[in-house]
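Asker: Have a look at this one.
In the UniProt record's numbering, the protein residues as written are 1 to 952.
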């Protein structure tokens, strides 16, 4: 619903016979997107063109200037970001399109450098060179040149227009002797544009008499870049497209940090202001503020101003280059003001109210009465003389009374303009006050434009009406000394600084972006390490151990019975009862209970650890009521072991945070049996010691006989596969196959991956419990990815890229950034606001810009992990294919692990990498259902089947 109008009637002394035909109405626009009406004062505005009234206004203005110049404390958050979207659409919103400009606040105090500003918005345009330095105090030096834009170029082709701009820029650079420099350029383009990033501007529609063809709907930066490239005699780096209104706000914001509104009243008109991010629905995030370019010239294009538009406004519109568009601008701006007055004078002359009814060809000629004439006629002392001089040139032979009447007409038209602008500005000021939740708003409006600057009374009228419409606001109007040029240069300076910052971020993260050639090298090196682990002569020194598991077969479907399984591989320990039934309808029924392993047990003595395990087994047997039975048991022990038989495994070294003493170098099955003996409560038949990766393979092989590889990508990472016995030199025998537990987490421990390890990988390794070991695992597994990210974030914060350069105690805490947060942050369904919420839960007070960077870092780290994992798997499948002498291999990989299952992109990237690096292998990935539990029982069942077969 349209908000109610507030009408302000300006009584004009004398000439009542035409005042009734020209009611001066100022409507309070329902301007904000929420559709709120302006809470404006309804007191009539005292008016008239008399000198006394103007002097009173001048005194009031001076009094306010002296006594009310304080501003609200604190400056707006400063940032310029490289992406923009259109603001929310609301059916209660009037016609102006609220276009987002990615300027957040005024320029900061970090900016420095040499910049060029182009200012195109009328028949003349300026080029400025702006030098910004900040040794003790930030200073700005400017040199500028004004160039003409002929009308035939304004109305010609877009190519001609931008060739002209490029030519003028070349001339300016020649004069400045900077043609050999590639300086950053800010392009003030004073026409409605839609931006999706700072260095892009899609022209929506031409205004201000411009009509160059082929530009509407095109990116003006691309058009200008094309024109510059075509010349070939200089180069320029266009960093930002800046609306002139935004440039004005930024220019004034440099001198007054309270400035949060920009206003142009010249050839055209527009306003911008700093809106709260929380009110801009279609931009992610709710922190800070963003500049809204209102493009309010289009206010009324939807018919909302029809009740105050006059027959003269309609005639102006019909004769314009863009009928039906920019209706508010046509009522208030300098381009149309003189023409409005001319049309009124023609009508009054026709009705015999002026010039004794004389109408001359000059008076009937469009454009003969200009806005500068309105300004001249309204001068308080010489206005009547100017009126006589101007009217005489039009050939109408004015009387003294005619000159007074024309002066009144000019006053009515210009005063209406000031009142309408004050009304719409008032709506913005109310929005700012409501946003801040203050009783009284103190703010500064940066203003520019020829009408505001040159008209003798316009500024005072605008100021006074604005203050009467919003009496609960202290508003300072600050004239832009250098137009929008300095502002454009400052936006460019901020953009340049942030561009440099992004370049450094990209440069850092580039180390995580592995090329196809690098991944092929990783695959090749993995293959070399696999061969070393399999061969007897090099096995001892090999880092990828390729340990025989003595699992010689995958399930064949005849397995049957009840089995116990133990699962030790992390901070939780499981005991399971698995009932396997063979036959036509094979079934696997499982019961389990989870027990915690306290940190003091994980890092205590070996005897304490295995006593704790046996206590948990005892509790489970009581829970299930099966303590009397001597069931076969499979022990999933997810640490590097050297197996000498199916039921004997020597622990090589602890991983995953375990440090229990007197275990490394010992048979873990023996340690378990000794613990059971100490308990003296029950006995078990320990058939197999099982690696979780092998268990994963066996679980999937029970469902898919083609599964001969197991992969874990969770807290840790490992792989296993069915190798030809002839290649397993550590075990006697040439026939058949045996599952080899690769223990591939140690890949790279000999330095073969040092060329792709980053300083962050090294930092994570140095502070780990097993420095120098499991280096591949530390680059790809869930236990370490969060730590890599945390180390990058600390570095970025130290360099001022994140969290305002403040390193929190939280960020200093090792392992605080868990890998599950990577999965959440990288979710495609998660908006930046939710990312920020996750970071806040971690005690990281982030902005939305911070959230973007954090999400980028997480993506780089997880993508590299997936690719490295895929390169390792490519080496495995290609080796199996070559072992079997096949041109093409079809094989299934059984996979488990939280990182693989829960991360939104890991599995897809890994699959694609395998496909790219092993094109002769058709690899299917099958998600395992409880590989370490069900798999252990199946290995035990297969072991019992093979043992029974041997005994029989």
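The beta carbon of each residue, even a glycine, is placed where N, CA and C say it ideally should be. Bear in mind that the values here come from a model prediction, so they are computed numbers and not experimental data.
Please list, in chain order, all residues of the same chain as residue 647 whose beta carbon is under 7 Å from its beta carbon, the five residues on each side excluded.
Answerer: In chain order, 669, 686, 687, 688, 689 place their CB closer than 7 Å to the CB of residue 647, counting only its own chain and leaving out the 5 sequence neighbours on each side.
Asker: Do you know how far the Cα of residue 328 is from the Cα of residue 987?
Answerer: The structure shown does not extend to residue 987, since the chain is modelled only from 1 through 952, so no value can be given for it.
Asker: In this structure, how does DSSP classify residue 912 when only helix, strand and coil are distinguished?
Answerer: helix
Asker: Would you mind reading off the limits of the alpha helix (DSSP H) that contains residue 817?
Answerer: Where residue 817 is concerned, there is no enclosing alpha helix (DSSP H), given that its DSSP letter is neither H nor E.
Asker: Does the beta-carbon distance from residue 270 to residue 297 come in below 8 Å?
Answerer: Residue 270 places its beta carbon less than 8 Å from that of residue 297.
Asker: Between the beta-carbon of residue 588 and the beta-carbon of residue 934, is there less than 8 Å?
Answerer: yes
Asker: Just verifying my parser: in three-state terms, what is the DSSP assignment at residue 236?
Answerer: Correct three-state label for residue 236: coil.
Asker: Just to confirm, is the Cβ distance from residue 291 to residue 274 under 8 Å?
Answerer: yes
Asker: In terms of DSSP beta bridges, what is residue 632 paired with?
Answerer: 685
Asker: Exposed or buried, residue 516, counting other C-beta atoms within 10 Å across all chains shown (16 or more means buried)?
Answerer: exposed
Asker: For a minimum of 4 consecutive residues, which ranges assigned as the alpha helix (DSSP H) are wholly contained in the segment 642-706?
Answerer: Under the rule that a run must span 4 or more residues, the alpha helix (DSSP H) segments found entirely inside the segment 642-706 read 668-679, 692-703.
Asker: Should residue 710 and residue 898 be called a contact, given that it needs their Cβ atoms to be closer than 8 Å?
Answerer: No; because the gap between Cβ atoms is not below 8 Å, this pair is not in contact.
Asker: Roughly how far, in whole angstroms, is the beta-carbon of residue 236 from the beta-carbon of residue 158, given that I think they are within contact range, below 8 Å?
Answerer: Contact flag wrong, Cβ pair sits at about 18 Å.
Asker: Suppose you measure from the CA of residue 948 to the CA of residue 707; what does that come to, to the nearest Å?
Answerer: 25 Å
Asker: Within 10 angstroms of its Cβ, does residue 260 collect 16 or more other Cβ (buried), or is it exposed?
Answerer: The residue is buried, with at least 16 neighbouring Cβ atoms inside 10 Å.
Asker: Does the beta-carbon distance from residue 656 to residue 748 come in below 8 Å?
Answerer: no
Asker: Spatial neighbours of residue 722 within its chain, please: CB distance less than 6 Å, with the 5 preceding and 5 following residues excluded, ordered by chain position.
Answerer: 708, 737, 739
Asker: Taking only the alpha-carbon atoms, compute the straight-line gap between residue 317 and residue 309 and give it to the nearest angstrom.
Answerer: 11 Å
Asker: Report the residue ranges of all alpha helix (DSSP H) runs contained in full by the segment 704-779; include only those spanning at least 4 residues, in chain order.
Answerer: Counting only runs that start and end inside the segment 704-779, the alpha helix (DSSP H) elements of at least 4 residues fall at 759-766.
Asker: Tell me which same chain residues have a C-beta within less than 7 Å of the C-beta of residue 827, skipping the five on either side of it?
Answerer: 904
Asker: From the DSSP output, in three-state form, read off residue 190 for me.
Answerer: coil
Asker: In or out: residue 790 buried (at least 16 other Cβ within 10 Å) or exposed?
Answerer: buried
Asker: Let me confirm a value: residue 734 is counted as buried when at least 16 other C-beta atoms fall within 10 Å, else exposed. Which label applies?
Answerer: Looking at its Cβ environment, which holds fewer than 16 other Cβ atoms inside 10 Å, residue 734 is exposed.
Asker: Taking 8 Å as the threshold, find out whether the segment 853-863 comes into contact with the segment 495-511 through three or more Cβ pairs.
Answerer: yes
Asker: Taking 8 Å as the threshold (C-beta atoms), are residue 921 and residue 884 in contact?
Answerer: No, the pair does not count as a contact, with Cβ atoms beyond the cut-off.
Asker: Let's test the definition: count the other Cβ atoms within 10 Å of the Cβ of residue 397 and tell me whether it reaches 16, buried, or not, exposed.
Answerer: Around the C-beta of residue 397, fewer than 16 other C-beta atoms lie within 10 Å, and the residue is accordingly described as exposed.
Asker: Let me confirm a value: residue 953 is counted as buried when at least 16 other C-beta atoms fall within 10 Å, else exposed. Which label applies?
Answerer: Coverage of the chain is limited to positions 1 through 952, which leaves residue 953 absent and any answer about it impossible.
Asker: Tell me the DSSP secondary structure of residue 937 in three-state form.
Answerer: If DSSP states are grouped into helix, strand and coil, residue 937 belongs with the helices.
Asker: Do residue 116 and residue 129 come within 8 Å of each other at the CB atom, strictly closer than that value?
Answerer: yes
Asker: Quick one: using the 10 Å Cβ neighbour count with 16 as the cut-off for buried, is residue 139 buried or exposed?
Answerer: exposed
Asker: Can you give, in chain order, each stretch of the beta strand (DSSP E) that sits fully within the segment 408-486 and has at least 3 residues?
Answerer: Runs of the beta strand (DSSP E) spanning 3 or more residues and lying entirely within the segment 408-486 occur at 441-448, 473-479, in chain order.
Asker: Applying the criterion that 16 or more other CB atoms from any shown protein chain within 10 Å of the CB defines a buried residue, is residue 391 buried or exposed?
Answerer: buried
Asker: Helix, strand or coil for residue 142? Go by DSSP, reduced to three states.
Answerer: Strand, per DSSP.
Asker: When burial is assigned at 16 or more other CB atoms within 10 Å of the CB, is residue 141 buried or exposed?
Answerer: exposed
Asker: Could you tell me whether the segment 574-583 touches the segment 779-787, where touching means 3 or more Cβ pairs closer than 8 Å?
Answerer: With the cut-off at 8 Å, the segment 574-583 and the segment 779-787 do not touch.
Asker: Specify, as a first and last residue, the run of the beta strand (DSSP E) that residue 590 falls within.
Answerer: Run containing residue 590: 587-596, per the beta strand (DSSP E) assignment.
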